[in-house]
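The sequence shown lines up with residues 1 to 203 when you count with full-length UniProt numbering. Each residue gets a CB set at the ideal place from its N, CA and C atoms; glycine is no exception. Heads up: the structure comes next, in structure tokens.
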Amino acid sequence: MLETILSPIINFVTNTISAAGYIGIAVLMAIESAAIPLPSEIIMPFAGFLVHEGRFTLFGAALSGAIGSVLGSWVIYFIALKGGRPLVERYGHYVFISKSDLDKADGFFKKYGAWSTFIGRMLPIVRTYISVPAGIAKTPFWSFTLAAFVGSFIWSYILAFLGMKLGAHWESLHEQLRGFDVAIAILIVLSLVWYIWRHIRVN
């Protein structure tokens with residue numbers, strides 16, 4: 001049952017990256033940054049694993065992830081820029097953007113100001129929604145883009161690096177931790193269920 005639940009997401013990520021290479025990484029990261037639930041925590045570590053396999057370079061994987069993240073963030077930025085928060089609140093629930101998420105992003109943006117996009121792109125949850133207050137505040141497009149790119153590059157690099165290191169030790173780790181496979185799978189499933197339920201409940 002667990003395999004049935006997890007397989008579609010994992011297979012989609014791995015098949016896309018395997019088939020499309022760097023472009024696949026960029027497309028998947030763009031999807032995540034456009035507020036569609038597709039965790040970068042799955043995308044970039046697998047790209048890092050392929051770095052270990054010799055398919056990609058670490059810099060190339062991180063650069064692709066950053067470019068994709070920026071492209072996806074542009075979508076949310078321009079929606080917020082043109083329609084403001086009311087438009088995002090009206091249609092955001094279709095991609096699991098809740099009022100609670102917007103409130104957190106607003107608070108983060110007000111606290112860190114010009115640094116919010118850069119810092120926010122390296123934080124789970126906030127990284128996806130920080131484009132909303134940036135757009136509403138009419139942050140200059142190229143300033144927003146630069147901050148989003150640098151923050152996303154660092155985030156992508158770290159995740160890909162971890163995937164690369166895990167790849168180098170995968171066989172030994174798998175042998176040592178195989179007793180935890182089911183527990184890890186259960187935690188992943190519960191996390192995904194909680195994420196979706198929380199957004200449905202607050203909307």
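Please name the residue in the options whose C-alpha comes closest to that of residue i.
i	options	result
Gly167	Phe49, Ile23, Tyr157	Phe49
Ala148	Leu38, Ile25, Met29, Met44	Met29
Leu123	Ile10, Ile17, Asn11, Ser152	Ser152
Arg55	Gly21, Tyr129, Phe118, Ile31	Gly21
Leu146	Arg121, Ile43, Ser40, Lys104	Arg121
Val13	Ile43, Pro37, Ile31	Ile43
Tyr77	Leu102, Ala61, Ala19, Ile158	Leu102
Ala114	Arg90, Phe144, Lys104	Phe144
Ile39	Ser18, Thr117, Ser69, Thr139	Position check: residue 39 holds Pro in this sequence, whereas Ile was assumed. Closest by alpha carbon: Ser69.
Glu32	Trp142, Lys111, Ile158, Val126	Val126
Count the other CB atoms within 10 Å of the CB of residue i; is the residue buried (16 or more) or exposed (fewer)?
i	result
Ser100	exposed
Pro45	buried
Ser131	buried
Phe108	buried
Ile136	buried
Thr128	buried
Thr57	exposed
Ile10	exposed
Ala19	exposed
Glu53	exposed
With residue i and residue j assumed to form a contact (beta carbons below 8 Å), what rounded beta-carbon distance in angstroms separates them?
i	j	result
Met164	Val51	4 Å
Ala160	Ala47	5 Å
Report all residues from its chain with a CB closer than 8 Å to the CB of residue i; omit the five preceding and five following residues, and keep chain order.
i	result
Thr16	Gly24, Val27, Leu28
Please list, in chain order, all residues of the same chain as residue i whose beta carbon is under 6 Å from its beta carbon, the five residues on each side excluded.
i	result
Ala66	Phe149, Ser152, Phe153, Ser156
residue 205	No answer is possible for residue 205: the residues shown for the chain start at 1 and end at 203.
Given residue i, which residues of its chain have a CB within under 7 Å of its CB, disregarding the five upstream and five downstream residues?
i	result
Phe118	Ala147, Val150, Gly151
Which ranges does the alpha helix (DSSP H) cover as unbroken runs of at least 4 residues, wholly within the UniProt domain "VTT" (38–163), from first to last along the chain?
-> 40–52, 58–91, 99–112, 116–120, 126–129, 131–136
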